[in-house]
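J.: Got a structure for you, written out below as structure tokens; questions coming shortly.
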Amino acid sequence: MGEILTQSEIDALLSALTAGEIQLEENTSVEKQKVKKYDFKRPNKFSKEHLRTLEMIYDNFGRIAANYLTASLRTSVQFKVISIEQITFEEFIYSVPNPTILMTFYLEPFTGPFMFETGPSYVFEIIDLMFGGSGKGQYKTRDFTDIEKNIIKKLNLKLLENLKMAWEDILDVNVVFESLETNPVLNQVIAPNEPVCLITFSVTIGSNQCYVNMCIPYISIEKYTDKLVIQYKGSTFDKENTGFKEKLKKNLMPVKLNCFVELGKTMISVEDFLNLSVGDVLMLDKKVNEPIDMYIEDKLHYKVYPGKIGKKLGVQIFEILDKDVKEDE
Numbered sequence: 014m015g016e017i018l019t020q021s022e023i024d025a026l027l028s029a030l031t032a033g034e035i036q037l038e039e040n041t042s043v044e045k046q047k048v049k050k051y052d053f054k055r056p057n058k059f060s061k062e063h064l065r066t067l068e069m070i071y072d073n074f075g076r077i078a079a080n081y082l083t084a085s086l087r088t089s090v091q092f093k094v095i096s097i098e099q100i101t102f103e104e105f106i107y108s109v110p111n112p113t114i115l116m117t118f119y120l121e122p123f124t125g126p127f128m129f130e131t132g133p134s135y136v137f138e139i140i141d142l143m144f145g146g147s148g149k150g151q152y153k154t155r156d157f158t159d160i161e162k163n164i165i166k167k168l169n170l171k172l173l174e175n176l177k178m179a180w181e182d183i184l185d186v187n188v189v190f191e192s193l194e195t196n197p198v199l200n201q202v203i204a205p206n207e208p209v210c211l212i213t214f215s216v217t218i219g220s221n222q223c224y225v226n227m228c229i230p231y232i233s234i235e236k237y238t239d240k241l242v243i244q245y246k247g248s249t250f251d252k253e254n255t256g257f258k259e260k261l262k263k264n265l266m267p268v269k270l271n272c273f274v275e276l277g278k279t280m281i282s283v284e285d286f287l288n289l290s291v292g293d294v295l296m297l298d299k300k301v302n303e304p305i306d307m308y309i310e311d312k313l314h315y316k317v318y319p320g321k322i323g324k325k326l327g328v329q330i331f332e333i334l335d336k337d338v339k340e341d342e
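Counted the way this note's numbering counts, the sequence shown spans residues 14 to 342.
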């Protein structure tokens with residue numbers, strides 16, 4: 014039980030509070046309401062599902078692009094998504110170098126423009142490799158010549174055609190070239206405050222690394238945003254997917270497999286092999302009453318006994334081996 018104050022002590026305490034000599038302690042046990050800041054100049058129009066789906070699409074595009082560049086340049090190329098974020102178009106324009114190769118294109122049926130930016134380090138290294146160089150030189154930043162712009166334009170358009178394969182699970186698309194600019198500030202195709210999705214790729218060519226960007230304005234894909242979440246609705250199999258399973262089973266059942274049975278093994282000399290003739294007998298390492306090995310596509314799967322099925326030779330399965338069993342184990 015706490016200490017009980019006398020009336021004189023209570024009067025003294027009240028007078029001290031009135032004079033301001035004692036300050037009341039604030040109640041810190043009540044939590045303040047948490048307020049989340051929201052910038053109306055930069056509305057978050059891309060949801061997490063949209064960004065996740067776009068990352069999946071362009072990660073697939075990166076793998077296809079890596080294969081294409083590897084074949085075209087005849088050197089090892091890695092093309093990977095390293096970041097995906099929502100920013101404003103103005104921030105994107107002022108974040109890329111000048112000069113750069115900034116290509117604007119349409120991805121039909123999307124109604125708005127898309128942008129693909131490749132910087133000087135990427136451009137000069139590609140040019141060097143395509144003209145027989147090693148791609149390991151030092152490049153000084155300078156304006157691009159008309160020949161360099163035309164070469165990179167053709168290469169990038171071939172690269173962008175792979176978007177059709179990357180988007181095929183979501184939407185059938187077609188790439189239509191619009192324009193090419195080397196000064197990004199001059200490319201004012203949408204409002205500066207318009208939100209865009211910026212996808213940054215890391216491109217490793219040999220031992221050198223550079224970066225390229227894909228810019229997707231929200232207004233360009235606004236009418237089709239429902240397509241960017243549809244694949245998650247059917248991402249797991251359930252009872253309603255029996256039709257798909259039956260179709261898959263129907264397509265797999267006619268596939269032919271190469272099967273053979275190994276009666277046994279033996280070792281003979283080259284001389285004995287050359288002298289073999291009809292009627293000769295070889296002693297194998299298997300006993301008559303011992304099961305023999307049956308292979309499916311060169312992999313050991315069954316232990317079987319030999320026999321006859323009518324007038325044809327056949328085998329009876331004695332044991333089903335684990336799929337991870339290796340030969341000679």
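Ideal placement from N, C-alpha and C gives every residue a C-beta, glycine not left out.
What does L363 pair with, by DSSP beta-bridge criteria?
T.: With the chain covering only 14 through 342, there is no way to say anything about residue 363.
J.: Tell me whether V198 sits in a helix, a strand or coil according to DSSP, three-state version.
T.: Three-state result, V198: helix.
J.: Determine, using beta carbons only, whether I281 and L295 come nearer to each other than 9 angstroms.
T.: A contact, by the Cβ cut-off of 9 angstroms.
J.: Measuring only the C-alpha atoms, how far is Q151 from L142?
T.: Taking the straight line joining both Cα atoms gives about 13 angstroms.
J.: I'd like to confirm the pairing. Which residues does DSSP put opposite E98 in its beta bridges?
T.: Looking at the DSSP assignment, E98 forms a beta bridge with L211.
J.: For C228 versus F127, is the C-beta distance shorter than 9 angstroms?
T.: Their beta carbons are under 9 angstroms apart, which means C228 touches F127 by this criterion.
J.: Can you tell me which of F118, E235, N175 and T195 puts its alpha carbon nearest to the alpha carbon of T354?
T.: Residue 354 is absent from the structure shown; the chain starts at 14 and stops at 342.
J.: Using beta-carbon positions only, say whether I183 and T88 come within less than 9 angstroms of one another.
T.: In this structure, T88 does not lie closer than 9 angstroms to I183 by Cβ.
J.: Tell me whether the beta-carbon of Y71 lies closer than 9 angstroms to the beta-carbon of V90.
T.: Going by C-beta atoms, Y71 is not nearer than 9 angstroms to V90.
J.: Using a Cβ-Cβ cutoff of less than 8 angstroms, which residues in the same chain neighbour Y81 once the five nearest sequence positions on both sides are dropped?
T.: For Y81, where only same-chain residues beyond five positions count, the Cβ hits under 8 angstroms are K171, L172 and N175.
J.: Measure the beta-carbon distance from N200 to I106 and round it to whole angstroms, keeping in mind my assumption that it falls under 8 angstroms.
T.: Confirmed, Cβ separation roughly 7 angstroms.
J.: Mapping DSSP to helix, strand and coil, what is L142?
T.: Of the three classes helix, strand and coil, the one that applies to L142 here is helix, per DSSP.
J.: Which same chain residues, not among the five before or five after N169, have their C-beta less than 8 angstroms away from its C-beta?
T.: Same-chain partners within the cutoff: I114, M116, F129 and T131.
J.: Just tell me which of V317, E22 and K149 has its CA closest to the CA of E275.
T.: Considering only alpha carbons, the answer is V317.
J.: Enumerate in chain order the residues of its own chain whose CB-to-CB distance from F273 is below 6 angstroms, with the five nearest sequence positions on each side excluded.
T.: Correct list, in chain order: Y308.
J.: I need the DSSP call for R76, collapsed to helix, strand or coil.
T.: The answer is helix: DSSP assigns R76 an H, G or I state.
J.: Using only alpha-carbon positions, find the residue among S192, E161, S147 and H314 that is nearest to N221.
T.: The option with the nearest alpha carbon to N221 is S147.
J.: Who does L173 pair with in a DSSP beta bridge?
T.: The partner list for L173 (beta bridge, DSSP) is empty, contrary to what the question assumes.
J.: Tell me L326's beta-bridge partners as DSSP assigns them.
T.: According to DSSP, L326 bridges with K321.
J.: Per DSSP, which residues does N221 bridge with? Please list them.
T.: N221 is bridged to I218.
J.: Note the first and the last residue of the continuous alpha helix (DSSP H) segment covering V283.
T.: From DSSP, the alpha helix (DSSP H) with V283 extends over V283 to L287.
J.: At which residues does the beta strand (DSSP E) containing Y308 begin and terminate?
T.: Start and end: I305 to I309.
J.: On the CB-based measure, 16 or more other CB atoms within 10 Å of its CB, does T249 come out buried or exposed?
T.: Residue placement at T249 is flagged as unreliable, the pLDDT there being 48, under the threshold of 50; the coordinate-derived value follows with that caveat. Result: exposed.
J.: Using only the alpha-carbon positions, how far apart do K263 and N271 sit?
T.: Answer to the nearest angstrom: the Cα atoms are 19 angstroms apart.
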